[in-house]
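**Student:** Protein chains in written order, with the numbering used here: chain A, 188 to 398; chain B, 446 to 559.
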Amino acid sequence: MGLIKRVKKNFSSIFKNLFKKKTAKIGIYGPPNAGKTTLANRIIRDWTGDAMGAVSNVPHETRRARRREGVTIESNGSKVTLDIVDTPGLATKIDFQEFMAHGLEEEEAKRRAKEATEGIIEAVKWLDDLDGVILVMDATQDPFTQVNVTVIGNMEARKLPLLIAANKIDLPESSPARIRSAFPQHPLVPISALEGQNIDTLYEEIADHFG
Amino acid sequence: MDLISEEKMDNMTAMEKIRLILDGVKEGKILVLEKGLTPTEEAKLIEMTMTEITPEGFPGIEIESYPSSQNQKLIDRIFRKPVVRTRLTVIGPANQLKTLKKDRDLISALVSSQ
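And the structure:
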């Protein structure tokens, strides 16, 4: 590494340490079934040995935002302490019949739909109270969904850091490159939250980006 | 279908825009906004939509807009004025408007009657 580059890096690190917040509050956002809680569980398990919440294939399994305080992530010499908020999946529509198609009884499906709408309101409200976002996208799906566009737009308007986790790369039809070309202005890490693939690279980016 | 001009939207507050959209969509209209909503207004629209969803009635909305961009004019950059440039947006009832394909500059949607 050249002398100028090293001096620049040292100054940048001193500057960061002087002014960085003690703890950054980071929201995990994304559409339903993108793998937000699976990722939250992996992060919490890897760094605290605990877990965040239940996961399932039925959409809107997470219907209340959950916050885990003081998760310290160390990677590549950088260290960051985060409050991690796992949010319910964002959507613009909720159809209780979709839950019935997953085997839920009508009453249970309606109750879940009602709770899901409340969860989405909660997730939107959290946007006002965060220092940054990890946006989890399902790499097997079209990246230009309205939820992704809205979350990215909100972070850009607030000038807050955003990291894209292109999830489900363990599936053969996944294409992180499609997400990268859709949103080239933001850092992206292809991962499998379920299998743990590339998760160390995600931790490096988290420590670097939110520290 | 209602096509709403940029001038009309410019003269409305965020809540007026959201009310106009939700009232129109609940009547079964497809709305095409020439200018679109800011990301903050979009988030507020999602929030308000959730409060109006009912199991047998209103299922929510389908909304599609192109990604917004920050204004790159030199004068705005000098004064660090964040100006979000919003783009054309289509909104309709979730049971009548279905997005088929979307990318940075193209939205393909299917519109059906109830």
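All C-beta atoms in this analysis are idealised placements derived from N, C-alpha and C, irrespective of residue type, glycine included.
Could you please tell me which residues of the region 257-291 of chain A, in chain order, have their CB closer than 8 Å to any CB of chain B?
**Tutor:** Here the close residues are 277, 278, 279, 280, 281, 282, 283.
**Student:** Check whether the Cβ atoms of residue 399 of chain A and residue 491 of chain B lie closer than 9 Å to each other.
**Tutor:** Nothing about residue 399 of chain A can be read from this structure; chain A reaches only from 188 to 398.
**Student:** Any beta carbon from chain A within less than 9 Å of residue 505 of chain B's own beta carbon?
**Tutor:** By one-based count along the second sequence, residue 505 of chain B stands at place 60. Answer yes: the Cβ-Cβ gap between residue 505 of chain B and chain A drops below 9 Å somewhere.
**Student:** So, with DSSP's three-state summary, where would you put residue 575 of chain B?
**Tutor:** Since the displayed chain B opens at 446 and closes at 559, residue 575 of chain B lies outside it and no answer follows.
**Student:** Taking all protein chains shown into account, do 16 or more other C-beta atoms lie within 10 angstroms of the C-beta of residue 545 of chain B, making it buried, or fewer, making it exposed?
**Tutor:** Against the second sequence, residue 545 of chain B aligns to sequence position 100. Exposed, because fewer than 16 other Cβ atoms sit within 10 Å of the Cβ of residue 545 of chain B.
**Student:** Could you give the uninterrupted runs of the alpha helix (DSSP H) lying entirely in the region 248-307 of chain A, keeping only those of 4 residues or more?
**Tutor:** Taking only runs of at least 4 residues, the alpha helix (DSSP H) segments lying wholly in the region 248-307 of chain A are 283-287.
**Student:** Where does residue 244 of chain A sit, in a helix, a strand or coil, going by DSSP?
**Tutor:** Locating residue 244 of chain A in the first sequence gives position 57, where the first residue counts as 1. Residue state, collapsed to three classes: coil.
**Student:** Which residue spans inside the region 453-515 of chain B form an unbroken beta strand (DSSP E) run of at least 3?
**Tutor:** Listed in chain order, the complete beta strand (DSSP E) runs (minimum 3 residues) inside the region 453-515 of chain B are 476-478, 506-510.
**Student:** Look at residue 402 of chain A and residue 351 of chain A and say whether their C-beta atoms are less than 9 Å apart.
**Tutor:** This structure cannot speak to residue 402 of chain A, because chain A is shown only from 188 to 398.
**Student:** Excluding the 5 residues flanking residue 202 of chain A on each side, which residues of the same chain have their C-beta closer than 7 Å to its C-beta?
**Tutor:** In the first sequence, counting from the first residue as 1, residue 202 of chain A sits at position 15. Here the model assigns residue 202 of chain A a pLDDT of 49, short of 50, so the residue's position is not dependable and the matter cannot be decided.
**Student:** Examine chain A for any beta-carbon lying closer than 9 Å to the beta-carbon of residue 548 of chain B, and answer yes or no.
**Tutor:** Residue mapping note: residue 548 of chain B aligns to position 103 of the second sequence, counting from 1. It does: the Cβ of residue 548 of chain B has a partner Cβ on chain A nearer than 9 Å.
**Student:** Is the Cβ-Cβ distance between residue 534 of chain B and residue 497 of chain B less than 9 Å?
**Tutor:** The residue you call residue 534 of chain B lines up with position 89 of the second sequence. The residue you call residue 497 of chain B lines up with position 52 of the second sequence. It is not a contact, given that the beta carbons lie outside the stated cut-off.
**Student:** Step through the CB atoms of chain B and report whether any lies within less than 9 Å of the CB of residue 397 of chain A.
**Tutor:** Here residue 397 of chain A refers to the residue found at position 210 when the first sequence is read from its first residue. Taking Cβ atoms only, chain B never reaches closer than 9 Å to residue 397 of chain A, which makes this a no.
**Student:** Is there a Cβ from chain D that is less than 9 Å from the Cβ of residue 510 of chain B?
**Tutor:** Considering every chain present, this structure includes no chain D. Its protein chains are A and B.
**Student:** Looking at chain B, is there any beta carbon in it that lies within less than 9 Å of the beta carbon of residue 202 of chain A?
**Tutor:** As a first step, residue 202 of chain A must be located in the first sequence, where it is residue number 15. Low confidence applies here, because residue 202 of chain A scores a pLDDT of 49, under 50, leaving its location unreliable; read the following figure in that light. Any Cβ of chain B closer than 9 Å to the Cβ of residue 202 of chain A would place that residue at the interface, and such an atom is absent.
**Student:** Hey, could you find the ends of the alpha helix (DSSP H) residue 409 of chain B is sitting in?
**Tutor:** With chain B represented from 446 up to 559, any question about residue 409 of chain B goes unanswered, as that position is not in the structure.
**Student:** What residues are listed by DSSP as bridge partners for residue 351 of chain A?
**Tutor:** Start at 1 with the first residue of the first sequence, and residue 351 of chain A comes out as number 164. Beta-bridge pairing links residue 351 of chain A to A:322, A:375.
**Student:** Mind listing the chain B neighbours of residue 311 of chain A? Cutoff is C-beta to C-beta under 9 Å, in chain order.
**Tutor:** Working through the first sequence from its first residue, we reach residue 311 of chain A at position 124. Those are 488, 489, 491, 492, 495, listed as they occur along chain B.
**Student:** I'd like the span of the beta strand (DSSP E) that includes residue 553 of chain B, first residue to last.
**Tutor:** What you label residue 553 of chain B is simply residue 108 of the second sequence in a count that begins at 1. Segment 551-556, the beta strand (DSSP E) holding residue 553 of chain B.
**Student:** Please name the residue or residues paired with residue 235 of chain A in a DSSP beta bridge.
**Tutor:** Stepping through the first sequence from its first residue, residue 235 of chain A is reached at position 48. Note: residue 235 of chain A sits in no beta bridge, so no partner.
**Student:** Going by C-alpha to C-alpha distance, which of A:246, A:329, A:226 sits closest to residue 553 of chain B?
**Tutor:** As a first step, residue 553 of chain B must be located in the second sequence, where it is residue number 108. Answer by Cα proximity: A:329.
**Student:** Does the separation of the CB atoms of residue 397 of chain A and residue 314 of chain A fall below 9 Å?
**Tutor:** Looking up residue 397 of chain A in the first sequence gives position 210. Looking up residue 314 of chain A in the first sequence gives position 127. Not in contact: residue 397 of chain A and residue 314 of chain A (Cβ atoms no closer than 9 Å).
**Student:** Determine the closest residue to residue 308 of chain A out of A:394, A:251, A:347, A:378, with distance taken between C-alpha atoms.
**Tutor:** Position 121 of the first sequence, counted from the start, is the residue given in the question as residue 308 of chain A. The option with the nearest alpha carbon to residue 308 of chain A is A:251.
**Student:** To the nearest angstrom, report how far apart residue 476 of chain B and residue 536 of chain B are at their CA atoms.
**Tutor:** Against the second sequence, residue 476 of chain B aligns to sequence position 31. Against the second sequence, residue 536 of chain B aligns to sequence position 91. Residue 476 of chain B and residue 536 of chain B have their C-alpha atoms some 5 Å from each other.
**Student:** Out of A:388, A:391, A:364, A:348, point me to the one whose CA is closest to residue 373 of chain A's CA.
**Tutor:** For the purposes of this step, residue 373 of chain A is taken as the residue at position 186 of the first sequence. When each option's Cα is compared against that of residue 373 of chain A, the closest is A:348.
**Student:** Can you check DSSP and say which residues form a bridge with residue 534 of chain B?
**Tutor:** In the second sequence, the residue the question calls residue 534 of chain B occupies position 89. DSSP, once it has assigned bridges, lists B:478, B:510 as partnering residue 534 of chain B.
**Student:** In chain A, which residues lie less than 8 Å from residue 483 of chain B when you measure between Cβ atoms?
**Tutor:** Counted from its first residue, the second sequence places residue 483 of chain B at position 38. The answer, in chain order, is 340, 344.
**Student:** So residue 228 of chain A and residue 238 of chain A are in contact, right, with Cβ under 8 Å, and what is the actual spacing, rounded?
**Tutor:** On the first sequence, position 41 is the one that residue 228 of chain A refers to. On the first sequence, position 51 is the one that residue 238 of chain A refers to. At roughly 5 Å, the Cβ-Cβ gap stays under 8 Å, so residue 228 of chain A and residue 238 of chain A are in contact.
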